[in-house]
Each structure stands twice: as structure tokens, then as C-alpha cells.
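Counting in our numbering, the final residue of the sequence shown is number 208, and the numbers go up one at a time with none missing.
Every residue gets a Cβ at the ideal spot worked out from N, C-alpha and C, and that includes glycine.
It should be emphasised that the depicted structure is a prediction, and the values quoted were computed from it without experimental measurement.
Input: a single structure, listed below in C-alpha cells.
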Amino acid sequence: MAYTALAAAVIVAAATMAGGCGLQSQEGTVPPIAETSPPTGNTDRFSVTVSRPASPPQVFTGMYDGHGEPITVSCTTCHTTRTPDATSRANADLNEFHTGLSVAHGNLACLSCHNPADYDSLKLADGTRIEFPDVMQLCAQCHSQQLTDFEHGAHGGMNGYWDLSRGPRTRKNCVDCHAPHTPRFPMMIPTFRPRDRFTDLEHQE
């Protein structure tokens, strides 16, 4: 027991010295599409699968194991040793841990989404605990219009078939495209003007 406690203390101390426990991003993984027999009639449809991020996220400690692999720990490794701060909401508030993390998500506090009772999970506005892979439920609370667009296929990336009678479709999760802490896309200037047959005709006259 003494050795285990000492090892945990070393990990926490190393994470602190490593510059603030920067979150190690993990790509969302698309679960394999359920095998579906080819449709035999107009009523048969293939499946639609939405990707789900890995859970729970891991924090890089700044150390590597004997194989050169990064050593990571769960969020609760550090957060169970400190009192949750409901006032933290901006980069300036992160003066001890996560110091390199950019935060620009409205005026939300960290605990608006993170679960102070279990930092390896998230929470809805009513306090309901949810797992990280179910993050779209969390996003949908504030972004209902985007959810409606997503449900109708006008928002979010996808691969596969529009016509589900011909084949399956995979769809992106919110956090596949939007960084949770800084979700707004940067402004971009198009590198070339759109071209179509009508504008080409105008230039030919």
C-alpha cells in the first residue's frame, strides 16, 4: 500500500512539473458498422453510425515509459486531491494545472460541463452524469439548431451513402470537428473565387 501511494504521489508531482497537465487529445473512433444483409426491398435500410470519442480522456504526465510511450493518467488522479472550483472559466484562472489550455466557449465555467463528482465523466445542465462518448447530448442542450441541422443532414461531416437502401453511412461527432474548449472555427478567406457556367459566360461576353 505504501508503495502504491508513493507511486501515485510521484505521478501527480511529475504531472505538475510537466507544465500543467496538458490534455492529450484522442481521436474519436468510429465503431464498426453492424453487418447488414443487402436490402431485398424498398423498406430495408442500412445503418447510420455516429462516431464516439474515446473515454475517458487521458492526461499526459510529461514522462515516458521504458518503451518510449507517453505515460498518461485519468483526470481524477489529480482532481480527487483538490476541491472543485466552480468559478474557473478562463485561461487566466488556470494558473496551476492545464496552463497551456485555451478556453473560449462562451462564458461557461469548467464545471458547466465537467462533473465535479467524477472528473472522468461529464454532466448535463440538470446534473445528470454522462460518459464522454455521449458528449453530443451535452452539446445539444445549448446548440439545438445545430442538432436539428445535424439530424436533417445539413450539419456535420459524413461518409457513405445518402441513399440508405444502397449502403451504410458513418457520421461525425461534434467533437470530431469542434474542439470542446474552443469550438468556434477560425475566420478564413477563400483562396479562389467560385466558378460555374454562368459566371464563365458573363466573363466571355
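Between the Cα of T79 and those of P171, P119, R132, spot the shortest distance and give me the residue it belongs to.
Counting from 1 along the sequence shown, the entry for residue 79 is found at position 76. For the residues P171, P119, R132, the minimum Cα distance to T79 belongs to P119.
Alpha carbon to alpha carbon, how far is A5 from D179?
Taking the sequence shown and counting its residues from 1, one reaches residue 5 at position 2. Taking the sequence shown and counting its residues from 1, one reaches residue 179 at position 176. With a pLDDT of 40 at A5, under the threshold of 50, the modelled position of that residue is not reliable, and the figure given next carries that caveat. When rounded, the distance between both Cα atoms is 41 Å.
For V62, which three-state DSSP category applies?
Counting from one through the sequence shown, the residue named residue 62 turns up at place 59. If DSSP states are grouped into helix, strand and coil, V62 belongs with the strands.
If L127 sits next to Q144, beta carbons under 8 Å apart, how far is it from one beta carbon to the other, in whole angstroms?
On the sequence shown, residue 127 is found 124 positions in, with the first residue counted as 1. On the sequence shown, residue 144 is found 141 positions in, with the first residue counted as 1. That pair is a contact at about 6 Å.
Is P183 helix, strand or coil by DSSP?
The residue labelled residue 183 in the question sits at position 180 within the sequence shown. Coil.
Quick one: using the 10 Å Cβ neighbour count with 16 as the cut-off for buried, is G159 buried or exposed?
The residue labelled residue 159 in the question sits at position 156 within the sequence shown. Flag for G159 reads buried.
Hey, out of D121, R174, E134, whose CA is closest to T83's CA?
As a position in the sequence shown, residue 83 is number 80, starting the count at 1. Of D121, R174, E134, the residue nearest in Cα terms is D121.
With a cut-off of 8 Å, do at least 3 Cβ pairs link the stretch 132-141 to the stretch 171-190?
Verdict: yes, contact present.
Please name the residue, chosen from C113, G109, P73, G103, that lies closest to S91 on a Cα-to-Cα basis.
Position 88 of the sequence shown holds residue 91. Here the closest residue by C-alpha is C113.
Under 8 Å, do T64 and T75 count as touching if we go by C-beta distance?
On the sequence shown, residue 64 is found 61 positions in, with the first residue counted as 1. On the sequence shown, residue 75 is found 72 positions in, with the first residue counted as 1. Yes, Cβ-Cβ distance for T64 and T75 is below 8 Å.
Classify L111 as buried or exposed, calling it buried when 16 or more other Cβ atoms lie within 10 Å of its own Cβ.
Taking the first residue of the sequence shown as 1, we reach residue 111 at position 108. That one is exposed.
Count the other C-beta atoms from every protein chain shown that fall within 10 angstroms of the C-beta of H155, then say buried if there are 16 or more, exposed otherwise.
Translated into positions along the sequence shown, residue 155 becomes position 152. With fewer than 16 Cβ atoms within 10 Å of its Cβ, H155 is classed as exposed.
Based on the DSSP secondary-structure assignment, which residues constitute the bridge partners of H117?
For this step, residue 117 is matched to residue 114 along the sequence shown. In the DSSP output, where bridge partners are listed per residue, H117 has L125.
Span of the beta strand (DSSP E) holding S77?
Looking up residue 77 in the sequence shown gives position 74. Note, S77: beta strand (DSSP E), 73-77.
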